[in-house]
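Residue numbers (my numbering): 8 to 335.
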């Protein structure tokens with residue numbers, strides 16, 4: 008592992024509903040990073056190279072106009088003039104606006120480094136690496152059976168997220184792509200499992216401290232935790248957010264809750280479990296998630312699943328070939 012730079016930015020990535028917000032709030036609660044009123048910029052997935060060369064004045068004006076409309080920009084107290092002023096007049100790289108914006112957020116909060124999490128930035132690792140060569144990457148991991156249920160619970164049923172099977176296929180593809188990209192580029196990264204973060208919190212905090220040069224401490228998080236640390240991180244809880252709760256007692260609706268671990272065991276039908284495990288089996292085994300189903304889906308079902316996965320891959324491939332005209 009490369010030596011960590013104490014002021015290096017931190018990029019948190021992971022499939023949606025994997026605990027990236029929980030991890031973000033833990034890191035911000037360390038006091039080393041700025042606290043801000045937006046959680047995701049979606050910069051690379053929504054803006055990067057979408058407007059053509061920024062050397063073209065009209066393209067640049069359109070790009071800046073779209074940034075000004077964004078929630079993350081409007082929820083910050085940074086002006087577009089500040090971003091432009093900190094971007095060299097001859098610097099026409101999209102990524103410069105991203106890193107200068109985040110650097111200004113840090114500076115405004117008297118911090119020397121920043122952390123940002125946009126789950127789908129996992130598809131833009133080469134671009135992030137080029138823009139932020141000293142950045143530290145953290146891949147947030149969660150049991151795909153819990154992820155699929157959580158994604159659909161939040162109503163993300165459009166497009167590729169129309170069924171549990173589609174979500175499982177998407178999860179599997181994104182995890183494969185992310186791990187292969189990080190490893191092929193030789194990028195040092197830390198994998199944090201949601202289940203470990205909520206049940207072995209102190210051990211995971213130690214790993215984060217070593218990887219990011221921090222001094223995270225459970226007692227300090229209890230006192231000064233922000234965001235989801237002041238309520239349960241479980242989307243199923245009815246707990247009030249008024250009072251921060253001791254992290255060590257995470258199984259009882261506390262700031263870091265174990266409530267949402269393994270919910271699929273109580274509510275996912277056996278045939279659906281079989282399908283999801285068939286799709287995600289290799290990654291489940293790689294990350295230590297138990298396979299509970301014996302056997303495989305029927306031949307017809309396997310053909311249906313493989314066809315779905317093929318068209319998912321094909322759509323991703325077409326999007327990458329058409330990039331930057333459409334999002335990945």
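Glycine included, C-beta positions come from ideal geometry on N, C-alpha and C.
Computed from a predicted structure; not experimentally measured.
query = So, helix, strand or coil for residue 243, using DSSP?
reply = Legend: pLDDT at residue 243 = 39, less than 50; position of this residue unreliable, no value from coordinates given.
key: Burial state of residue 38, where buried means 16 or more other Cβ atoms lie within 10 Å   = exposed
query = Counting Cβ pairs closer than 8 Å, one from the region 52 to 61 and one from the region 86 to 93, do we hit at least three?
reply = no
The region 67 to 77 touching the region 136 to 153, judged by at least three CB pairs closer than 8 Å = no
query = Is the region 40 to 48 touching the region 113 to 127, taking contact as three or more C-beta pairs under 8 Å?
reply = yes
ask   = In the region 12 to 75, which residue ranges form an unbroken alpha helix (DSSP H) of at least 4 residues, counting only runs that do not cross its ends?
value = 27 to 35, 50 to 53
task = May I ask you to report which of helix, strand or coil DSSP gives residue 265?
result = coil
ask   = On the three-state DSSP scale, how would you describe residue 307?
value = helix
The region 179 to 187 touching the region 200 to 210, judged by at least three CB pairs closer than 8 Å = no
key: Simplified DSSP state of residue 160, which is helix, strand or coil   = helix
ask   = In chain order, what residues of the same chain lie with their CB nearer than 7 Å to the CB of residue 281, ignoring the 5 residues before and after it?
value = 300, 304
task = Output the boundary residues of the alpha helix (DSSP H) element that contains residue 212.
result = 208 to 219
query = If you draw a straight line from the C-alpha of residue 320 to the C-alpha of residue 94, how long is it?
reply = 37 Å
ask   = CB residue 153 to CB residue 269, shorter than 8 Å?
value = yes
Inside the region 97 to 130 only - alpha helix (DSSP H) runs reaching at least 4 residues = 101 to 115
inquiry  = Rounding to the nearest angstrom, what Cα-Cα distance links residue 278 and residue 118 in this structure?
reply    = 50 Å
Collapsed DSSP secondary structure at residue 178 in the structure displayed = helix
ask   = Quick one: Cα of residue 105 to Cα of residue 218, how far?
value = 24 Å
query = What distance in whole Å lies between the Cβ atoms of residue 27 and residue 17, which are believed to be in contact at a cut-off of 8 Å?
reply = Not a contact, Cβ separation roughly 12 Å.
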